[in-house]
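Below is one structure, written out as structure tokens; the observations come after it.
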Amino acid sequence: MKSRKFKACILASTLLTGAGATGAFAQDQVDQGTQAATGSAADDVVVVTGSRIRQANLVSTSPVTQVDSEELDLRGTVRVEDMLNTLPQAFAAQGSAVSNGATGTATVNLRGLGSVRTLVLVNGRRLPFGSPLPAGQAADLNQIPSALVERVEVLTGGASAIYGSDAVSGVVNFIMMDDFEGIRLDAQYSFYQHKNENSVQGLINEFNAINPDQFKLPDDHVIDGETVELTGIMGVNSPDGQGNVTAYVGYRNVDEIRQAERDFSACAFGTRNNGEEFTCNGSGTNAVANFLNVNPALSQGWFRVDPSNGTFIPRDFTTDTFNFNPFNFFQRPDESYKLGAYAHYRVNDHIEPYAELTFNMNETAADIAPSGVFGGGVAGQSGGINCDNPFLSDQQVDFLCTSNGLSGSDIAQGVLIFRRNVEGGARSNTLRHTTFRSVLGVRGNLNEAFDYDVYASYANVNLSQAYKNEVSVTRSSRALNAVRDGSGNIVCSVNADSDPANNDPACVPYDIFSGNGPSQAAINYIGAELLAQGNTVQQVVSGSISGDLGVYDVRMPWAENGVGIAFGGEYRRDYLELNPDAAFQQPPSSDGFGQGSQTLPVEGSTDVYELFGEIQVPIIENRPGFETLAFEAAYRYSDYSSGFKTDTYKLAGDWAPVEDFRLRASFQRAVRAPNVVELFTSQTLGLFDMTAGANGNFDPCSGDFDPNTANPEPTRSFEECARTGVTADQYGAIADNPAGQFNTLQGGALDLEPEEADTWSVGLVATPSFLPGLTLTVDYFDITIEKLIGTLAQQTVLENCLDTGDPTFCALVNRGNGGTLWANPTGFIIALNQNTGSLETRGVDVVAGYSVDLGDLGADGMGSLEFNLVGTWLESLVFNNLGEAAKDCAGTYGGGCSSILQTPNPEWRHSFRTTWNTPWQDVSLSGSWRYFSSVDLFGGGAAINQTLDEQHYFDLAGVWQVRENARFNLGVNNIFDNDPPLSSVVGSGAGNGNTFPQVYDTLGRYVFAGATVDF
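Under the numbering used here, the residues of the sequence shown are numbered 222 to 1236, in order.
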């Protein structure tokens, strides 16, 4: 059986072959080593990811990890991001477990430095922007057909001198199968199985007794999240054996999983008993309307409707909240169609045309809780209730209007309505991305010493977005302003006033005050669907020449191999356009109450012209104490249409005193130019998450001093809160948002400068002859990014203003009506794009592999064992924002680290796999142990949130090569069905369902099976 093991690279996971940035030649991996399958270069040379120079030296000077197709089988992978997230170097990013804030894409985030700082390549050539949506600019891994992945090469550390902008934290290079002959059918099937028995069930039952409609436990045993992937591959060689066309077609369907199906996510957590235990929290926008008065001229604060008798009563902050969790997706549904072909034909040694044509259509939906009137009224987002509303009872009129000196058609201004439109169903953001990508090129030999490669690529990503089941701000404000007409009928005020120009014949009055509830006609009227279209286009023209000057005897006196060089130029243009409809664009925060912000049109492009060069110099070879001593250097000059020029470079060397051990070191200057969204996005309101304090409140100035309420007192003094704009009347009466989400003003900036990163690495590669079968690499890395493009952390802005009164921060805090930062668009914190500071990370990667024939241990005929370890120790992950102390986020999550580092950052992660290649009919059995060390809440907080415990996951899988042309795989990941660590301060996005499902195994046992048959 051909062994395609999980390995970091040949020669201790650092030997890599594959297509370089110039699209080097297709290669076949063989058990005895690696060879380049091309007639335009010598048979004993390869192209190493991270370099364009063909070389005989099989060890890269930069740390590289390789995953091959066998690992995809052993993990049951149908989504490429799931496999990459098992690597310790990768941190969670956009993926199938993100619902609130989903872009519909799947991305990779190396070193936790952000997915926009990870460059993704296919056969050495970059992919386009994943989506025109904000936060969608990283390459979309949904474009990758997993069944055609031959191997994935992950280079960590800056590589801009080789590949250009964005290669700051590293490069992920997918090497695709492009030389297949025959017909292959591949089918993969998987599902999740989970037993709900978490200790939080007692909490859910407690709230179920109070509100059985909103708090329910799922079934004890669940099987869900079924996934099917089918791929057909056909390859044909030319009659003369000089060319090949490999074509494929694929289909994938993934079923949804909602948070209602897991007990630990059956309600949104808060804390109680001084932070010692969880409670069920939720949103103040409830199925039964809550009201908040932010008008100091009125006497009321929070109150709600009593649907049993149509009266207003005080709000209970424990029970009068909405449990939004059950509606949210833990796994988004997904349907994908893929089609493509790879072709090449070697005319002669000098000319080999090649082409890549790929198509992908991926559609997904991101469901979250139903929309509603989120702080609205007859005056839209300014609130207000008309006193002559016929749905108001006498008690309600007296409570709200008469007691405040209002009557008749007067408006109780500043009263905000929070009413969940549960009748309208969950909000569903349907996202369809259609991608077409083509590459046309030619490569070959110029002469005995030099090869060339010239190609042009074009990629287009088209977005179609439909945001369904929203509540229209405009129509709900009309429907809430109900009056009686001259005939005594209840109608919308716009149809009963004296101005015919404002009539809306479709308007139906919306009853949220009586116990009867709104009519279906009213629900239909206030509903809204928001639409957007957009696309991204990438155009690249690139040419390079690489050569071996040893042919001309250009070599050092003590070296056997000659000097290698590569040089060339590249032009790249990235264009992005997003066109939302009028409802998305309506100020101040769209015509959808649940949007939280406007979405404005964006259009722009950036162009860059680049020149690059690279040199490798063997200095000493095959001499005592110097098996190898070599030096490398690379340089790239880039001229951007944005008005700036950059220089990136690489200096590296390696020394092997003996054949068994090699030392390597490198320094690289990398850059990331601001992308179109960062430059051109208009300023709009959005949402951000704050971390709750020890008293359970998120806003430290919220709360009251009334012992008769459940609200805690403010944690900050009046003097401190006044620095943020809180008045004396507001202090002690500011409402907190129990959902933890607050408004922020965000947008682009044309004066952004490129990020600059310096990467250092020093490593050891060992293949000791005294222990055959062992390979080991240990690499220390140090990456520092300056001029970081981002925003000031909103919570940090607020805290710095509270602590210091510094006008730099206090000018960014705008307290709205009632002193809140969330109840309506008048309250927000400004966080526009800027070059904010720096981001640094340091640590050590360890990769080890060992194989042994059991016959050598006295077990003849029992096959062999293979052991593979990939681990990363995170020494530091330091975020240094403008105007604040540096934060070391290693070993932490949340708090002040969450604004840029949204996921946990464990100090140690590893994946350890043991494989038994049995002697029976090509059967291999494999077990893996994945480990995450514990993390602590940054800056402290409630005791129950303080630590996310260490996690151990164990997986089992088997591969059976039934015949030469048929292979089956079967396995279970997370065989012990471990629940994830839980917290009430995970935020939204990467945090979902009281945990981090893009990081931890959240859904239970993952059971998979697959078959591959060749004809």
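All C-beta atoms in this analysis are idealised placements derived from N, C-alpha and C, irrespective of residue type, glycine included.
Within this structure, are the beta carbons of residue i and residue j separated by less than 8 Å?
{"i": "F833", "j": "Y856", "result": "yes"}
{"i": "I1051", "j": "L973", "result": "no"}
{"i": "G825", "j": "E853", "result": "no"}
{"i": "K416", "j": "D1222", "result": "no"}
{"i": "E1128", "j": "W1181", "result": "no"}
{"i": "F991", "j": "G961", "result": "no"}
{"i": "N549", "j": "G1212", "result": "no"}
{"i": "D361", "j": "G351", "result": "yes"}
{"i": "V829", "j": "S810", "result": "no"}
{"i": "V389", "j": "R338", "result": "yes"}
{"i": "V167", "j": "S336", "result": "Missing from the structure shown is residue 167; the chain here goes from 222 to 1236 and no further."}
{"i": "L1060", "j": "S1072", "result": "no"}
{"i": "T820", "j": "Q806", "result": "yes"}
{"i": "V692", "j": "I747", "result": "yes"}
{"i": "Q616", "j": "P547", "result": "no"}
{"i": "S320", "j": "D588", "result": "yes"}
Return the first residue and the last residue of the beta strand (DSSP E) that residue i is part of.
{"i": "I431", "result": "That residue, I431, is in no beta strand (DSSP E); its alpha helix (DSSP H) goes Q422 to I431."}
{"i": "C501", "result": "E498 to N502"}
{"i": "V1183", "result": "Q1172 to R1184"}
{"i": "N1194", "result": "A1187 to N1194"}
{"i": "L295", "result": "Note, L295: premise wrong, no beta strand (DSSP E); alpha helix (DSSP H) at S290 to R296."}
{"i": "Q364", "result": "Element bounds for Q364: n/a, residue is neither H nor E."}
{"i": "S386", "result": "From DSSP, S386 is part of no beta strand (DSSP E); its letter is neither H nor E."}
{"i": "D527", "result": "W523 to D527"}
{"i": "A873", "result": "K866 to V879"}
{"i": "E371", "result": "V370 to T377"}
{"i": "L884", "result": "F882 to R893"}
{"i": "M911", "result": "From DSSP, M911 is part of no beta strand (DSSP E); its letter is neither H nor E."}
State the CB to CB distance for the pair residue i and residue j, rounded to an integer number of angstroms; the pair is presumed to be in contact (CB under 8 Å).
{"i": "F401", "j": "I365", "result": "With a Cβ gap of about 16 Å, F401 and I365 do not count as contacting."}
{"i": "A670", "j": "D769", "result": "5 Å"}
{"i": "Y861", "j": "Q760", "result": "That pair is no contact at about 15 Å."}
{"i": "N1035", "j": "G505", "result": "Not really, about 21 Å apart at Cβ, beyond 8 Å."}
{"i": "E291", "j": "M304", "result": "No, E291 and M304 are not in contact; Cβ-Cβ is about 11 Å, not under 8 Å."}
{"i": "N1195", "j": "V1156", "result": "Between V1156 and N1195 the Cβ distance is about 19 Å, and since that is not below 8 Å, they are no contact."}
{"i": "V729", "j": "F814", "result": "Contact flag wrong, Cβ pair sits at about 17 Å."}
{"i": "A551", "j": "P1218", "result": "Note that residue 551 is Phe in the sequence shown here, rather than Ala. The pair is a contact, with the Cβ atoms about 6 Å apart (cut-off 8 Å)."}
{"i": "M1083", "j": "L1075", "result": "4 Å"}
{"i": "F734", "j": "L613", "result": "5 Å"}
{"i": "P933", "j": "N916", "result": "4 Å"}
{"i": "G1148", "j": "F1175", "result": "7 Å"}
Just reading off the alpha helix (DSSP H) that residue i is part of, what are its end residues?
{"i": "E899", "result": "V897 to F901"}
{"i": "C942", "result": "F939 to A943"}
{"i": "Q435", "result": "No alpha helix (DSSP H) holds Q435; DSSP gives it neither H nor E."}
{"i": "A742", "result": "Q741 to I747"}
{"i": "N495", "result": "Careful: N495 lies outside any alpha helix (DSSP H) and carries neither H nor E."}
{"i": "E302", "result": "V301 to L305"}
{"i": "R805", "result": "In the sequence as presented, Arg is not what sits at residue 805; that position holds Phe. A803 to Q806 is the span of the alpha helix (DSSP H), which, as asked, contains F805."}
{"i": "T1029", "result": "P1028 to C1031"}
Check whether the stretch 533-547 and the stretch 461-471 are in contact - that is, three or more C-beta pairs closer than 8 Å. no
Check whether the stretch 775-786 and the stretch 833-849 touch, using three or more Cβ-Cβ pairs below 8 Å as the test. yes
Do the stretch 1158-1175 and the stretch 898-910 make contact, defined as three or more Cβ pairs closer than 8 Å? no
Would you say the stretch 629-642 touches the stretch 595-614, given that touching needs at least three Cβ pairs under 8 Å? yes
With a cut-off of 8 Å, do at least 3 Cβ pairs link the stretch 440-451 to the stretch 492-511? no
Taking only runs that begin and end inside the stretch 618-681, name each unbroken alpha helix (DSSP H) of 4 or more residues, in chain order. none
Counting pairs of beta carbons, one from the stretch 996-1003 and one from the stretch 1064-1081, are three or more of them closer than 8 Å? yes
Length-filtered (3 minimum) beta strand (DSSP E) runs lying within the stretch 972-1014: 976-987 and 995-1007
Please give me, in chain order, every unbroken run of the beta strand (DSSP E) with length at least 3 that falls completely inside the stretch 687-713. 703-705 and 711-713
The stretch 1106-1113 in contact with the stretch 1203-1210 per 3-pair CB rule at 8 Å: no
Three or more beta-carbon pairs under 8 Å between the stretch 681-691 and the stretch 644-651, yes or no? yes
For the stretch 621-628 against the stretch 584-597, do three or more pairs of beta-carbon atoms, one drawn from each stretch, fall closer than 8 Å, so that the two count as touching? no
Does the stretch 402-410 come close enough to the stretch 487-504 that 3 or more CB-CB pairs lie under 8 Å? no
Which ranges does the alpha helix (DSSP H) cover as unbroken runs of at least 4 residues, wholly within the stretch 1021-1090, from first to last along the chain? 1028-1031
Where in the stretch 1120-1150 do unbroken runs of the beta strand (DSSP E), each at least 3 residues long, occur, reported from the N-terminal end onward? 1129-1138
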